[in-house]
Amino acid sequence: MNIIELFENAGIYRENLRDFSAEDIEKARRQFEIERSGNANMQPDLGENLILAMNNFPGQLLFISNNRILYNFFAKKNYSRNRFSSDYTASSSKADVQAFIDKFLSKDLDLILDQYMSQNRFDTIDDFLMVKEYLPENSLENLSKKVSEKLDFATAVINGNMQISAISETVEFLKYRSFYILASHFRSVEKDEKVKAVYSKVYNLHSNSAVRHELINPMISSLVNYNAVNIDLNNLFRKNKDALDLATERANDSGGSSSYSGWSVFVVIIVVIRLILLLARLGRA
Numbered sequence: 147m148n149i150i151e152l153f154e155n156a157g158i159y160r161e162n163l164r165d166f167s168a169e170d171i172e173k174a175r176r177q178f179e180i181e182r183s184g185n186a187n188m189q190p191d192l193g194e195n196l197i198l199a200m201n202n203f204p205g206q207l208l209f210i211s212n213n214r215i216l217y218n219f220f221a222k223k224n225y226s227r228n229r230f231s232s233d234y235t236a237s238s239s240k241a242d243v244q245a246f247i248d249k250f251l252s253k254d255l256d257l258i259l260d261q262y263m264s265q266n267r268f269d270t271i272d273d274f275l276m277v278k279e280y281l282p283e284n285s286l287e288n289l290s291k292k293v294s295e296k297l298d299f300a301t302a303v304i305n306g307n308m309q310i311s312a313i314s315e316t317v318e319f320l321k322y323r324s325f326y327i328l329a330s331h332f333r334s335v336e337k338d339e340k341v342k343a344v345y346s347k348v349y350n351l352h353s354n355s356a357v358r359h360e361l362i363n364p365m366i367s368s369l370v371n372y373n374a375v376n377i378d379l380n381n382l383f384r385k386n387k388d389a390l391d392l393a394t395e396r397a398n399d400s401g402g403s404s405s406y407s408g409w410s411v412f413v414v415i416i417v418v419i420r421l422i423l424l425l426a427r428l429g430r431a
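The following block contains the structure:
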C-alpha cells in the first residue's frame with residue numbers, strides 16, 4: 147500500500163478540496179490503524195508519511211488527487227473524468243511533483259510498472275506515460291531498461307530449436323504494436339540496434355520456418371509503430387509493411403476472383419443441364 151491508497155481509503159478527498167484540516171489528519175491516522183490491524187506487513191511509517199505529505203507538501207498531494215491518470219494509477223482505481231471535475235484546479239510545478247513522487251511513491255511506481263511489463267500490458271503503460279513529465283527520471287530510466295531487457299531476451303531466446311508453442315510464453319510481445327509504441331518513448335541509437343537485431347533474428351530464422359512464419363508478418367505490421375532515431379530503419383519498416391499490405395491485397399483479390407470464376411462455371415453448368423432437359427421434353431412432345 148502507498149500513501150495515495152491510504153488517502154483514498156480514508157475518504158479524505160472531496161470536491162474542490164483546497165487544503166487539509168485537522169479532521170483530515172485524524173482520518174488518515176485512524177485509517178492507518180485500521181489498515182495495520184488487518185495487515186501485519188504494513189509499512190510502519192505509511193501513516194506518518196501521508197500526514198507528512200498533507201502537512202508539508204499539500205500542493206503536490208492535491209495536484210495528484212486532482213489528476214485522473216496519476217490518482218487512478220497510485221490509488222489503483224478507475225474513476226472516470228467526472229470524478230475529477232472541479233472548480234478548483236490544484237497547481238504545482240513539474241519538478242515539485244517529480245520530487246514528491248520520488249520521495250513518497252517511487253517504490254510503488256517501479257513495482258507496478260515492472261508488473262505491467264511482465265504482463266505485456268504495454269497499452270496501460272503507454273496511457274500512463276501521458277503524464278511522464280511528472281515522473282522521476284530514475285523511474286523512467288528503469289522502465290527504459292525493462293524495454294531493452296525485453297528486446298535482449300527475445301534476441302537470445304529465438305533460435306532454430308524454439309518450439310512454436312513457446313512463443314506465447316516468451317516472445318508473443320514482438321507481435322504487439324503497443325510494445326513498439328512504448329519503446330518509442332525511449333528511442334535512442336541503442337534501442338534502434340536492439341529492435342533491428344531482434345527483427346533480423348526472426349527474418350533470418352530459416353532453420354525454424356514454423357516460428358518464423360508465426361512471428362514475421364505480425365512483426366512487420368507492428369514495427370512501423372516504432373519511431374526510430376535512424377531514418378533508414380524507419381524507411382525499411384515502412385517498406386516492408388507496404389509490401390506485406392500489397393501481397394495481402396493481391397491474395398485477397400486472387401481469392402475473390404477464383405471464387406467468382408468457380409461460381410460462374412457452376413451457373414453455366416446448371417443452365418446447360420436445364421436446356422438439355424427442356425429440349426428433351428420438347429423432343430418427346
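In the numbering used here, each residue's number is its place in the sequence shown (first place is 1) plus 146. Built from N, CA and C at the ideal position, the CB exists for glycine as well.
For residue i, three-class secondary structure by DSSP
| i | result |
| --- | --- |
| Ile215 | helix |
| Ala199 | helix |
| Gly184 | helix |
| Glu154 | helix |
| Gln189 | coil |
| Asn148 | coil |
| Asp129 | A query on residue 129 cannot be resolved here, the shown segment of the chain reaching from 147 to 431 and no further. |
| Arg160 | coil |
| Phe319 | helix |
| Phe209 | helix |
| Ala236 | coil |
| Gln309 | coil |
| Lys173 | helix |
| Phe166 | coil |
| Ser231 | coil |
| Ser226 | coil |
Cβ-Cβ separation, residue j to residue i (assumed contact under 8 Å), whole Å
| i | j | result |
| --- | --- | --- |
| Val277 | Asn213 | 7 Å |
| Leu163 | Leu208 | 7 Å |
| Glu179 | Leu152 | With a Cβ gap of about 11 Å, Glu179 and Leu152 do not count as contacting. |
| Phe92 | Val293 | Past the edges of the chain, shown from 147 to 431, lies residue 92, and the structure says nothing about it. |
| Leu196 | Ala168 | Actually they are not in contact, since the Cβ atoms of Leu196 and Ala168 sit about 14 Å apart, beyond 8 Å. |
| Ile258 | Ala199 | About 19 Å separates the two Cβ atoms, so there is no contact after all. |
**Request:** Would you mind listing the alpha helix (DSSP H) stretches within the segment 246-304 that are 4+ residues and don't spill past its ends, in chain order?
**Result:** 252-264, 268-274, 283-303
**Request:** Taking 8 Å as the threshold, find out whether the segment 361-373 comes into contact with the segment 332-348 through three or more Cβ pairs.
**Result:** Three or more Cβ pairs closer than 8 Å define a contact, and the segment 361-373 meets that threshold against the segment 332-348.
**Message:** Within 8 Å, do at least three Cβ pairs link the segment 204-220 to the segment 183-192?
**Reply:** no
**Item:** Contact between the segment 230-249 and the segment 270-284 (3+ Cβ pairs under 8 Å)
**Value:** yes
**Message:** Using 8 Å as the cut-off, can you tell me whether the segment 263-275 makes contact with the segment 321-328, which would need three or more C-beta pairs spanning the two stretches below that distance?
**Reply:** Verdict: yes, contact present.
**Prompt:** Quick one: complete alpha helix (DSSP H) runs, 4+ long, within the segment 322-392?
**Reply:** The segment 322-392 contains these whole alpha helix (DSSP H) runs: 323-330, 335-349, 355-369.
**Message:** With a threshold of 8 Å, are at least 3 pairs of Cβ atoms found where one atom belongs to the segment 350-361 and the other to the segment 389-398?
**Reply:** no
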